[in-house]
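Enquirer:
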Ligand SMILES: Cc1cc2nc3c(=O)[nH]c(=O)nc-3n(C[C@H](O)[C@H](O)[C@H](O)COP(=O)(O)OP(=O)(O)OC[C@H]3O[C@@H](n4cnc5c(N)ncnc54)[C@H](O)[C@@H]3O)c2cc1C
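In our numbering, the protein residues as written are 19 to 505.
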């Protein structure tokens, strides 16, 4: 352990208790990566925070010692956002799992950051409410991670992303101060600092309590599964549904390869021979859902088979294949990259064809699973790390898919964030001026660049540094750790 970290560990043991401070090398290795296991860094020290006071004391100590820190919730992130810093502190919030309050009359839930996403709905359901953003990882991911990533999910098409459901947050700023952003009531006056914080990927501070908006459970939910011979037909049906003014709770699509993987993993029994399936959920008042359901059936006329869920059990079966799709791909390929990009919905058929061309050109298979309703693609690029050159080809194909997303006016990430993984793609989407402007926001919160350095931005510029090409002789901590480059 480096000398500075040794002293920091001593201060933290005194402040928050020795049982919350991990310095043993083997134990530290538990935290060396998040869901993107391609990147691994063992942190210098881990803090298992039990309260906001623990988080504030730890960040304050880091600020005093100029030691970088990284927040971690459940560690399910797929962009390396919670990748530790080799000379820094990893602050784990997964023990902060208290649901502070469920307030149906205000349509609010107040929770600690380590609370699991699905547990909010479980707590709210007896009151007739649910928490709408539902990442496929909702059984394990934390609300703190969701806030940092502005996470989405199948039902965000109708209900909006995490940012639409967070009304307030307690935040420990990078100098260790505990502040409140937003509040219980919507639309606080002044700059929307809460809006800046949601989706900031741990670079503006650590949230220690979040006030969430709850949504009334719908009167009715109806679900259909439509099997098409081609992806074009499924894409056209998606556009037709939205174009007709129907906003389903979810429209999800899987292509033939993704279906093959799901069948192998969970035997979901989707119609044989489908080139693509659509799963459509409609929810709301009975009368509205019935009318719209009839409309959707007509708009899916090109499907060769349509199944209508008879009840909750069959609905769960339809969703089982989709929800297990990422992990299921492990059944048909030893390794794979989960990509995440966005395109305008209407470009779906064309972009999927182009992804097919990318796949053939690079000699790697690509399975497509995605939130079709909002154009959020999740191409799964399959490869075998044991075959020389395949991992590199998969990486190149994966980058080429993101280029396609940009070409069609979309984005390099829909919901998984930039993290460590996509910093290099940021200059393809944003100009230097755009990135400099974002850095100004970051520096206003974190003048010493201690909060999750090396993530999101391609250039780990120090605050106060002259814009333009890097001139400094000193290395930034994330550069020293080999996590980022100064250009
Ligand atoms: C099988 C699978 C399916 C997935 N499906 C989806 C999906 O449908 N939609 C989707 O959006 N994502 C999905 N994800 C990605 C991931 O689950 C989400 O990004 C999730 O929000 C991460 O939560 P976490 O608690 O695991 O965060 P972590 O991975 O621990 O951290 C993620 C980021 O949040 C920061 N962070 C964590 N806690 C805090 C805090 N308290 N304050 C400030 N910053 C913090 C970290 O520094 C890091 O940058 C999926 C992942 C898997 C493995």
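Even for Gly, the Cβ is constructed at its ideal location relative to N, Cα and C. Fair warning: this is a prediction, and the values are worked out from it, not measured in the lab.
I'd like to confirm something about residue 471: is its beta-carbon nearer than 6 Å to some heavy atom of ligand 1, or not?
Expert: Position 453 of the chain shown, counted from the first residue, corresponds to residue 471. No.
Enquirer: If you measure from the CB of residue 351, is any heavy atom of ligand 1 nearer than 6 Å?
Expert: Within the chain shown, numbered from 1, the residue matching residue 351 stands at position 333. Residue 351 Cβ: outside cutoff for every heavy atom of ligand 1.
Enquirer: Assuming residue 260 is part of the alpha helix (DSSP H), what are its boundary residues?
Expert: Reading the chain shown from its first residue, position 242 is the one you call residue 260. 249-261 is the span of the alpha helix (DSSP H), which, as asked, contains residue 260.
Enquirer: In whole angstroms, what separates the C-alpha of residue 365 from that of residue 107?
Expert: By one-based count along the chain shown, residue 365 stands at place 347. By one-based count along the chain shown, residue 107 stands at place 89. Using only the alpha carbons, I get a separation of about 43 Å.
Enquirer: Which residue marks the beginning of the beta strand (DSSP E) containing residue 227, and which one marks its end?
Expert: For the purposes of this step, residue 227 is taken as the residue at position 209 of the chain shown. 224-231 is the extent of the beta strand (DSSP E) around residue 227.
Enquirer: Residue 463 by DSSP, collapsed to three states: which one?
Expert: Start at 1 with the first residue of the chain shown, and residue 463 comes out as number 445. Reduced to three states, the DSSP call for residue 463 is helix.
Enquirer: Label residue 329 either buried or exposed according to how many other C-beta atoms from any shown protein chain fall within 10 Å of its C-beta, with 16 as the threshold for buried.
Expert: Here the question's residue 329 lines up with position 311 in the chain shown. Residue 329 comes out exposed.
Enquirer: Could you tell me the alpha carbon to alpha carbon distance between residue 130 and residue 180, rounded to whole angstroms?
Expert: Numbered from its first residue, the chain shown carries residue 130 at position 112. Numbered from its first residue, the chain shown carries residue 180 at position 162. Cα to Cα, the separation comes out at about 15 Å.
Enquirer: By a C-beta neighbour count over all protein chains shown, 10 Å radius and 16 as the cutoff for buried, is residue 209 buried or exposed?
Expert: As a position in the chain shown, residue 209 is number 191, starting the count at 1. Counting Cβ neighbours within 10 Å, residue 209 comes out exposed, since fewer than 16 surround it.
Enquirer: In whole angstroms, what separates the C-alpha of residue 432 from that of residue 358?
Expert: In the chain shown, residue 432 corresponds to position 414, counting from 1. In the chain shown, residue 358 corresponds to position 340, counting from 1. For residue 432 and residue 358, the distance between alpha carbons rounds to 6 Å.
Enquirer: Take the Cβ of residue 11 as the centre, count every other Cβ of all protein chains shown within 10 Å, and call the residue buried at 16 or more, exposed below.
Expert: Residue numbering for the chain in the displayed model covers 19 to 505; residue 11 lies beyond these limits and cannot be assessed.
Enquirer: Whole angstroms are fine: how far does the CA of residue 271 sit from the CA of residue 486?
Expert: Counting from one through the chain shown, the residue named residue 486 turns up at place 468. Counting from one through the chain shown, the residue named residue 271 turns up at place 253. Below a pLDDT of 50, predicted positions are generally treated as unreliable, and residue 486, at 48, falls in that range; the measurement from the model is reported next regardless. Spanning the two alpha carbons is a distance of roughly 43 Å.
Enquirer: Note down the Cα distance separating residue 153 from residue 319, rounded to an integer number of angstroms.
Expert: Along the chain shown, one-based indexing puts residue 153 at 135. Along the chain shown, one-based indexing puts residue 319 at 301. The straight-line gap from Cα to Cα measures roughly 30 Å.
Enquirer: Beta-carbon separation of residue 76 and residue 165 under 7 Å?
Expert: Translated into the one-based positions of the chain shown, residue 76 becomes position 58. Translated into the one-based positions of the chain shown, residue 165 becomes position 147. No. Outside cutoff.
Enquirer: Span of the beta strand (DSSP E) holding residue 380?
Expert: Position 362 of the chain shown, counted from the start, is the residue given in the question as residue 380. Not the beta strand (DSSP E): residue 380 falls in the alpha helix (DSSP H), residues 366-380.
Enquirer: Would you call the region 456-463 in contact with the region 404-423, where contact means no fewer than 3 C-beta pairs closer than 8 Å?
Expert: No: the two stretches stay apart, fewer than three of their Cβ pairs being nearer than 8 Å.
Enquirer: Quick check on this structure: which residue in 60, 100, 70, 55 has the alpha carbon closest to the alpha carbon of residue 435?
Expert: Counting from one through the chain shown, the residue named residue 435 turns up at place 417. Per the Cα distances, 100.
Enquirer: Hey, would you say residue 353 sits closer than 7 Å to residue 54, going by beta carbons?
Expert: Indexing the chain shown from 1 puts residue 353 at position 335. Indexing the chain shown from 1 puts residue 54 at position 36. No; because the gap between Cβ atoms is not below 7 Å, this pair is not in contact.
Enquirer: Tell me which residues share the same chain as residue 342 and place their Cβ nearer than 7 Å to its Cβ, disregarding the 5 neighbours each side in the sequence.
Expert: Position 324 of the chain shown, counted from the first residue, corresponds to residue 342. Same-chain partners within the cutoff: 280, 283, 284.
Enquirer: Measuring straight from C-alpha to C-alpha, what distance separates residue 475 and residue 466?
Expert: Taking the chain shown and counting its residues from 1, one reaches residue 475 at position 457. Taking the chain shown and counting its residues from 1, one reaches residue 466 at position 448. Those two C-alpha atoms are separated by around 15 Å.
Enquirer: Can you pull the DSSP bridge partners for residue 56?
Expert: Looking up residue 56 in the chain shown gives position 38. Answer by DSSP bridge pairing: none, since residue 56 is not bridged.
Enquirer: At what residues does the beta strand (DSSP E) containing residue 386 begin and finish?
Expert: What you label residue 386 is simply residue 368 of the chain shown in a count that begins at 1. Taken as a continuous stretch (DSSP letters only), the beta strand (DSSP E) holding residue 386 covers 384-389.
Enquirer: In terms of residues, what are the limits of the beta strand (DSSP E) holding residue 354?
Expert: As a first step, residue 354 is located in the chain shown; it is residue number 336 there, counting from the start. Taken as a continuous stretch (DSSP letters only), the beta strand (DSSP E) holding residue 354 covers 353-356.
Enquirer: Considering only C-alpha positions, which residue in the set 160, 23, 122 is nearest to residue 90?
Expert: Position 72 of the chain shown, counting from 1, holds the residue named residue 90. Measuring from the Cα of residue 90, the nearest candidate turns out to be 160.
Enquirer: Please report the distance separating the alpha-carbon of residue 96 from that of residue 22.
Expert: Mapped onto the chain shown, residue 96 falls at position 78. Mapped onto the chain shown, residue 22 falls at position 4. Rounded to whole angstroms, residue 96 to residue 22 spans 31 Å at the Cα level.
Enquirer: Within a Cβ cutoff of 7 Å, which residues of the same chain sit near residue 336, ignoring the five residues on either side of it in sequence?
Expert: Against the chain shown, residue 336 aligns to sequence position 318. Closer than 7 Å at the Cβ level, and outside the excluded window around residue 336, lie 241, 243, 297, 327.
Enquirer: Quick check on residue 44: buried or exposed, where buried means 16 or more other Cβ atoms within 10 Å of its Cβ?
Expert: Here residue 44 is taken as the residue at index 26 of the chain shown, counted from 1. It is exposed - the Cβ of residue 44 has fewer than 16 other Cβ atoms within 10 Å.
Enquirer: Indicate whether the contact test is met: 3 or more Cβ pairs, each with one atom in the region 243-258 and one in the region 360-378, closer than 8 Å.
Expert: Cβ pair count under 8 Å is three or more, so yes.
Enquirer: Any heavy atom of ligand 1 closer than 6 Å to the beta-carbon of residue 163?
Expert: The sequence position of residue 163 within the chain shown is 145, counting from 1. True, at least one ligand heavy atom lies under 6 Å from that Cβ.
Enquirer: With residue 313 and residue 264 assumed to form a contact (beta carbons below 8 Å), what rounded beta-carbon distance in angstroms separates them?
Expert: Here the question's residue 313 lines up with position 295 in the chain shown. Here the question's residue 264 lines up with position 246 in the chain shown. Going by Cβ atoms, the distance from residue 313 to residue 264 rounds to 6 Å, so yes, they are a contact pair.
Enquirer: Within the same chain, show all residues whose beta-carbon is closer than 6 Å to that of residue 34, passing over the 5 residues directly before and after it, in chain order.
Expert: Your numbering for residue 34 matches position 16 in the chain shown. For residue 34, where only same-chain residues beyond five positions count, the Cβ hits under 6 Å are 72, 75.
Enquirer: For residue 100, is the beta carbon positioned less than 6 Å from some heavy atom of ligand 1?
Expert: Working through the chain shown from its first residue, we reach residue 100 at position 82. Yes; taking the cut-off as 6 Å, the Cβ of residue 100 has a heavy atom of ligand 1 nearer than that.
Enquirer: Just to check, is the beta-carbon of residue 297 closer than 6 Å to a non-hydrogen atom of ligand 1?
Expert: The sequence position of residue 297 within the chain shown is 279, counting from 1. Residue 297 Cβ: outside cutoff for every heavy atom of ligand 1.
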